[in-house]
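Number of protein chains: 2
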Amino acid sequence: MTTIQDVAKHAGVGAATVSRVLSGNGYVKQTTRERVLRSIEELNYTPNEMARNLFHGKSGIVAVIIPELAHPFFSEMVSAIEVELCNLGYQTMVCNTFYEKNYELRYLEMLKRQRVDGIIFGAHTSLAAEMYQELRRPVIGLDRRLADTIPLVAADHVAGGRMAAEELIRSGCRNVAQFGGVDDNVSTPARHRHYVFRRVVEENGLTCHSYPKQPNYSAYNTYQEAAARLFAEHPDVDGIFGTDLYAAACLQYALSHGIRVPQDVKIVAYDGTHMTRFLDPDMTTICQPIEKLANESVRLITELIKGNEISEREIILPVRLRRGNTTTGNAAAESTEAAGTVTQLQQ
Amino acid sequence: MTTIQDVAKHAGVGAATVSRVLSGNGYVKQTTRERVLRSIEELNYTPNEMARNLFHGKSGIVAVIIPELAHPFFSEMVSAIEVELCNLGYQTMVCNTFYEKNYELRYLEMLKRQRVDGIIFGAHTSLAAEMYQELRRPVIGLDRRLADTIPLVAADHVAGGRMAAEELIRSGCRNVAQFGGVDDNVSTPARHRHYVFRRVVEENGLTCHSYPKQPNYSAYNTYQEAAARLFAEHPDVDGIFGTDLYAAACLQYALSHGIRVPQDVKIVAYDGTHMTRFLDPDMTTICQPIEKLANESVRLITELIKGNEISEREIILPVRLRRGNTTTGNAAAESTEAAGTVTQLQQ
DNA sequence: TTGAAAGCGCTAACAT
DNA sequence: ATGTTAGCGCTTTCAA
Chain A
1 MTTIQDVAKH AGVGAATVSR VLSGNGYVKQ TTRERVLRSI EELNYTPNEM ARNLFHGKSG
61 IVAVIIPELA HPFFSEMVSA IEVELCNLGY QTMVCNTFYE KNYELRYLEM LKRQRVDGII
121 FGAHTSLAAE MYQELRRPVI GLDRRLADTI PLVAADHVAG GRMAAEELIR SGCRNVAQFG
181 GVDDNVSTPA RHRHYVFRRV VEENGLTCHS YPKQPNYSAY NTYQEAAARL FAEHPDVDGI
241 FGTDLYAAAC LQYALSHGIR VPQDVKIVAY DGTHMTRFLD PDMTTICQPI EKLANESVRL
301 ITELIKGNEI SEREIILPVR LRRGNTTTGN AAAESTEAAG TVTQLQQ
Chain B
1 MTTIQDVAKH AGVGAATVSR VLSGNGYVKQ TTRERVLRSI EELNYTPNEM ARNLFHGKSG
61 IVAVIIPELA HPFFSEMVSA IEVELCNLGY QTMVCNTFYE KNYELRYLEM LKRQRVDGII
121 FGAHTSLAAE MYQELRRPVI GLDRRLADTI PLVAADHVAG GRMAAEELIR SGCRNVAQFG
181 GVDDNVSTPA RHRHYVFRRV VEENGLTCHS YPKQPNYSAY NTYQEAAARL FAEHPDVDGI
241 FGTDLYAAAC LQYALSHGIR VPQDVKIVAY DGTHMTRFLD PDMTTICQPI EKLANESVRL
301 ITELIKGNEI SEREIILPVR LRRGNTTTGN AAAESTEAAG TVTQLQQ
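Protein chains in written order, with the numbering used here: chain A, 1 to 347; chain B, 1 to 347.
Rendered as structure tokens:
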């Protein structure tokens, strides 16, 4: 590879001058500048990023840690994050953890090794809070509450859970089921929607069955098996709440078994990934604000990288109900939005 | 940050000794080793990756360039690639191009700047072949024919197109339509399936309408609009071939307009992403071997990075027909596989 | 306006 | 068995 020295020699100047031409900092006489540019051209020189990184102590890379990129929610999320980071001049490194603790540790190690400037942590995580805190480096939790000192960006799952419950109630359900929230032992804000869902639904006199959520998207058939099990154990279920994939699997099961949707069973999906747009009937869905989550995560992480203080401790963004034809709730509003909140960092 | 010098000083040894302890190369007396390890522990030292990278002239990062990560096919692909790369000790950088030439150029620049050790190019690309060749650096094309000297890994789209055609023929279609392959001006092996599809179908006396493929997955409604347009212009269509998303959109349109599938219209999807598993009726699908594509791409790129010669010029992997209930072809075989090929690099 | 030189933190060759 | 040193390629003082 040609180096800055080669260019300098070729142009008959010092390396510093070439550097000045490249960066635009400092004065360079017009004629020397042109000479240098010509040499750069002729030698087909491109500066070495690794050397720059070492000098500046920054890699310009942000890692995004997620359980599984193939999952539609995460791929849409990471895609949006990549766009935002790219706009700010950062590159995106993706890391699947497949819900394994070892992987998470490996990625924290990367941060310590200065391989990446910051981490957006969107993984199902079960490491001790201290692990993150002691780093004292740019980390933010995306829908994950990592530690008190680490900023969180998440959707308003409490509102989401309530909206789902209310939609099923409005649709006249008496006997509902949800996937998730039973034995989750991780501190994801996401599970709150299940607590709220159950509470609201029961306060309104409905029966609620809660099924555990399975991770591992690649094994798509776990969703179908879960759906089959639900209908086998509760043939009288008339309302279902679950993430897009559970909802889709239940819809599929119902339709292929002569159960009419929404007449016999209503379904509300949660997440709002693109796949919900390809179903028939249209899936009623609580949509997470994926672009906004990406935008805020990137905003926070880049501020931290730049060494700026950020005052927000938690950014909770509103979710939206998109009413389709898998529920029959009051058709007045086509979509509803709940308000989000921002909690200031107190320290 | 604490450096290797700090550790050396703290342990009362030279920096090289610390380096030796860390790398395991060279002899270190047991007692000094322990002293060094203790210092590392006490100072909470982690080696700086950027310095290592500079020294070794390698970043350990492979870039994967794709049009849009949110698209299920690409997210499953990148997810699989990340797993393979991770197993071999590499990190994965993702880059959306959104079909824009400028972005592609930017990423090639990254390669030249030694920011990444190699690139897996899975993007819709229209740059001149010379651009890639003159780099003389690790690049492989994933379903993209970049230049004669650049290895290609792709699915056997010719077989795929034929299999789709034959399945619709077996199912008794007379008047079929496909999405894609009309005015594609990029050299992707993928479009061959459309040529073959049309040829096979017409040889068997069917009528074939070809609709252009739209890029841009985020605008999911383009798929629905395409489906609506097809049914409006050709109400008598009885067979459809398109990627998963087109197939899903057509299925959705048909079902919501009282068109029975497979009785009135048969559908064959292409790609085989997870979403096809969540539809009702089960979608008949030509599945690309995503894991194998990922595996081969990674194998090739890492070999190139290690400076090894690779003899394969093209690796064409077999696709598989997964028969669902959107076609009614001879039910004997539940799935069929076509053989792939490997072309040796002649040079 | 420009060049020389001192690092950024690490590793490997060369001494000892 | 271990320390010293010379870079990896860049940027940025500091002189000139």
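Where a beta carbon is used, it is the ideal one built from N, C-alpha and C, also for glycine.
- Segment contact: the region 62-71 of chain A against the region 96-113 of chain A, three or more CB-CB distances shorter than 8 Å; contact assigned.
- Judged by their CB atoms, Arg144(B) and Ala123(B) are nearer to each other than the 8 Å cut-off.
- Contact annotation: Gln214(B) and Ala249(B) have beta-carbon atoms that are not nearer than 8 Å.
- CA-CA distance, Arg38(B) to Arg106(A), rounds to 21 Å.
- Among the CB atoms of chain B, one or more fall inside 8 Å of the CB of Glu82(A).
- Excluding sequence positions up to five before and after Met50(B), its CB lies less than 8 Å from no other CB in the same chain.
- If you ignore the 5 residues before and after Gly118(A), its C-beta comes within less than 8 Å of the C-beta of Val62, Ala63, Leu111, Arg137, Pro138, Val139, Ile140, Ile301, Thr302, Leu304 and Ile305, all in its own chain and listed in chain order.
- Spatial neighbours of Ile169(A) in its own chain (CB-CB distance under 6 Å, excluding positions within 5 residues in sequence) are listed in chain order as Asn204.
- Between Pro262(A) and Ser171(A), the CB-CB gap stays under 8 Å.
- When 8 Å is used as the limit between beta carbons, Leu105(A) is near no residue of chain B, the shortest such separation being about 13 Å.
- DSSP places Gly160(B) within a helical segment (H, G or I) once states are collapsed to three.
- Proximity of chain A to Glu68(B) at the Cβ level (cut-off 8 Å) is accounted for by Ser79, in chain order.
- With respect to chain A, the C-beta atom of Leu279(B) has a partner C-beta closer than 8 Å.
- For Lys112(B), at least one C-beta of chain A is nearer than 8 Å to its own C-beta.
- Interface criterion met: the Cβ of Leu54(A) is under 8 Å from a Cβ in chain B.
- Under the 8 Å Cβ criterion, the region 314-321 of chain A counts as touching the region 287-297 of chain A, having at least three qualifying pairs.
- In the same chain as Arg193(A), and ignoring 5 residues on each side of it, the C-beta atoms closer than 6 Å to its own belong to His157, Gly160 and Gly161, in chain order.
- Taking C-beta separations shorter than 6 Å and ignoring five residues to either side along the sequence, the partners of Leu245(B) in its chain run Tyr223, following chain order.
- Counting only residues of its own chain and dropping the five nearest sequence neighbours on each side, Leu206(B) has a CB closer than 8 Å to the CB of Leu168, Ile169, Cys173, Arg174, Asn175, Val176 and Gly239.
- Taking a contact to require three or more Cβ pairs closer than 8 Å, the region 72-85 of chain A and the region 260-280 of chain A qualify as touching.
- Identification of chain A residues near Pro47(B) by a Cβ-Cβ cut-off of 7 Å yields Arg113, ordered along the chain.
- Close partners of Ser39(A) in chain B (Cβ separation under 9 Å) are lacking, with about 17 Å as the shortest Cβ gap.
- Here the alpha carbon of Asn325(A) sits roughly 6 Å from the alpha carbon of Met283(A).
- Contact of Leu245(B) with chain A by beta-carbon distance below 9 Å involves His274 and Phe278.
- The three-state reading of DSSP puts Asp244(A) in helix, counting H, G and I together.
- C-alpha of Asp6(A) to C-alpha of Glu130(B): approximately 25 Å in a straight line.
- Taking the beta carbon of Leu293(B) as reference, no residue of chain A falls within 9 Å; the closest one sits roughly 14 Å away.
- Within its own chain, the residues whose Cβ lies closer than 7 Å to the Cβ of Val116(A), once the five positions on either side in sequence are excluded, are Ser59, Ile61, Val62, Ala63, Met93 and Met110, listed in chain order.
- Within chain B, Met93 and Val94 have C-beta atoms less than 7 Å from the C-beta of Thr92(A), given in sequence order.
- The beta carbons of Tyr211(A) and Phe231(A) sit no closer together than 8 Å.
- When Cβ-Cβ separations below 8 Å define contact, Ser256(A) makes contact with chain B.
- Assignment of Met283(B) by DSSP, reduced to helix, strand and coil, places it in the coil class.
- Within the region 165-240 of chain A, the complete beta strand (DSSP E) segments of 3 residues or longer fall at 175-179 and 207-211, listed in chain order.
- Between Pro151(B) and chain A, the shortest Cβ-Cβ separation is not below 8 Å.
- Going by C-alpha positions, Glu134(B) is about 10 Å away from Ala147(B).
- Residue state for Asp143(A) is assigned as coil, using DSSP reduced to three classes.
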